[in-house]
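Protein chains in written order, with our numbering: chain A, 268 to 441; chain B, 8 to 200. Note that beta-carbon positions come from the ideal geometry of N, C-alpha and C, so glycine has one too. Quick notes on the structure that follows.
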Amino acid sequence: MIYLNLIKEFFITGLFAFGGGYSTVPFLAHISDVYHWYSQSELTHMLAIAAITPGPVGINVATYAGVKTAGILGALCATFGEVLPAIIMVNLIAGVCAKYKENVYFKSIIYVLKPVSCALLTIPVISMIRDNVNNIFAAVILMCLLIYSFKSKKSPLFYFVISGMAGLIYTLCF
Amino acid sequence: MKLIEIYFEFFKIGAILLGGGYVIFPILKSELVEKKNWITLDELTEYFALSQSLPGIIAVNTALFVGNKCRKFIGSIFALAGVITAPVIAIILIANILNLLVNSKSVQGILWGVSIGIVVLLINSVRDIWKTSIIDKFTFLIFIAVVVLDLKFSKISPAHIVIAALIIGIIRGYFVSRSLKREAKEEAENDLS
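In structure tokens form, the structure reads like this:
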């Protein structure tokens with residue numbers, strides 16, 4: 268049953284993706300490996316669209332994956348699955364939250380989890396570079412944008428406009 | 008405050024939120040603390056910090072905390088529904104349009120280019136997390152171990168790695184709390200003598 272699978276997989280994502288933002292990416296890559304609901308290159312497209320549409324990236328990608336897989340109902344299932352763990356956890360924690368922050372166990376878990384989420388995000392980035400940076404032109408664009416991004420913080424839209432135009436020009440000219 | 012008010016407030020926040028969870032803090036501050044006075048800045052800072060250390064989406068977690076603060080469980084549901092309405096509708100519309108466009112060669116070129124932009128954002132994201140997470144030899148070792156494990160067994164689920172990390176974190180917490188207790192005890196003994 269595809270709807271139940273969508274809820275289950277995105278529930279797992281919502282429950283175990285620590286660190287916000289792009290921390291769901293390794294989970295989405297794993298879902299693509301196991302279920303083939305979308306390909307790795309579609310995942311990259313989804314991330315691009317998620318980053319330039321309103322709302323948190325995690326919600327956008329869950330909705331997109333759901334709609335791609337099983338239409339509007341699929342979108343609702345995936346999104347519901349992704350936020351369900353948060354609904355449960357936040358309502359349990361709210362009220363007693365102040366005590367948790369100084370807890371030795373809580374701090375220790377965060378200490379171990381942070382490098383883990385950093386490593387988990389590194390893996391799909393490597394495979395995205397392998398899949399998309401497949402010629403000198405792409406490598407040059409990547410290096411230029413990367414160096415620029417280290418020096419000044421611009422909104423995601425800036426990078427998409429530049430790289431999108433570069434991609435268009437390259438495809439039309441070669 | 009009325010539930011419908013909570014819904015529309017978070018609907019607005021979801022609609023103007025662009026590009027990742029960290030943007031949400033200044034928006035929430037101006038909307039909820041300064042304009043609406045629903046929560047104090049201290050509470051917001053607390054919720055935001057907590058949302059970052061919980062799994063899931065930071066904006067969603069924060070919305071749930073604020074909703075819970077306003078009207079308990081039902082408030083949290085309305086806040087959540089509000090914050091996800093705009094993105095869900097936007098994506099459903101765009102997904103259908105994109106499916107029609109994706110066969111054109113120029114759209115494929117643009118998407119290929121944009122994927123390079125995504126790689127740039129992701130590398131920056133890794134770099135940001137790295138700065139706050141790889142702080143000593145032990146955390147560096149964890150990073151290397153996870154990368155090696157993941158490359159070696161490509162089908163391993165990230166959920167399993169996170170569960171393993173949770174267990175290691177709890178075990179480490181046990182040793183830290185034991186050594187803290189021992190230190191406290193020694194200090195007390197020194198004070199006595």
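task = Alpha carbon to alpha carbon, how far is residue 46 of chain B from residue 10 of chain B? Give it in angstroms, no decimals.
result = 16 Å
request  = Go ahead and label residue 268 of chain A buried or exposed: buried means 16 or more other beta carbons lie within 10 angstroms of its beta carbon, across all protein chains shown.
outcome  = exposed
message = If contacts are defined as beta-carbon pairs under 8 Å, then residue 64 of chain B and residue 325 of chain A qualify, I think. What distance do you get, rounded to the angstrom?
response = 4 Å
message = Taking its Cβ as the centre, do 16 or more other Cβ atoms sit within 10 Å of residue 350 of chain A, making it buried, or is it exposed?
response = buried
Contact set between residue 33 of chain B and chain A, taken where Cβ atoms lie within less than 9 Å = Near residue 33 of chain B there are no residues of chain A at all, since even the closest Cβ is about 14 Å away, more than 9 Å.
inquiry  = I need the boundaries of the alpha helix (DSSP H) containing residue 70 of chain B, first residue and last residue.
reply    = 65-108
request  = Determine the burial state of residue 303 of chain A: buried for a count of at least 16 other Cβ atoms within 10 Å of its Cβ, exposed for fewer.
outcome  = exposed
query = Beta carbon of residue 140 of chain B, beta carbon of residue 385 of chain A: below 7 Å?
reply = yes
message = At the 7 Å Cβ level, is residue 40 of chain B part of the contact set with chain A, yes or no?
response = no
request  = Please report the Cβ distance between residue 86 of chain B and residue 13 of chain B, rounded to the nearest whole angstrom; I am assuming they are in contact, meaning their Cβ atoms lie under 8 Å.
outcome  = 5 Å
key: 7 Å Cβ shell around residue 405 of chain A - same chain, five flanking residues per side excluded   = 399
inquiry  = Tell me which residues of the segment 304-336 of chain A have at least one Cβ-Cβ distance to chain B shorter than 8 Å, keeping chain order.
reply    = 308, 311, 312, 314, 315, 316, 317, 318, 319, 320, 321, 322, 323, 324, 325, 326, 327, 330, 331, 334 and 335
query = Where residue 360 of chain A and residue 109 of chain B are concerned, what is the direct C-alpha to C-alpha distance, given to the nearest angstrom?
reply = 44 Å
ask   = Whose Cβ in chain A lies nearer than 7 Å to the Cβ of residue 132 of chain B?
value = 288, 289 and 388
request  = Please list, in chain order, all residues of the same chain as residue 57 of chain B whose beta carbon is under 8 Å from its beta carbon, the five residues on each side excluded.
outcome  = 68 and 72
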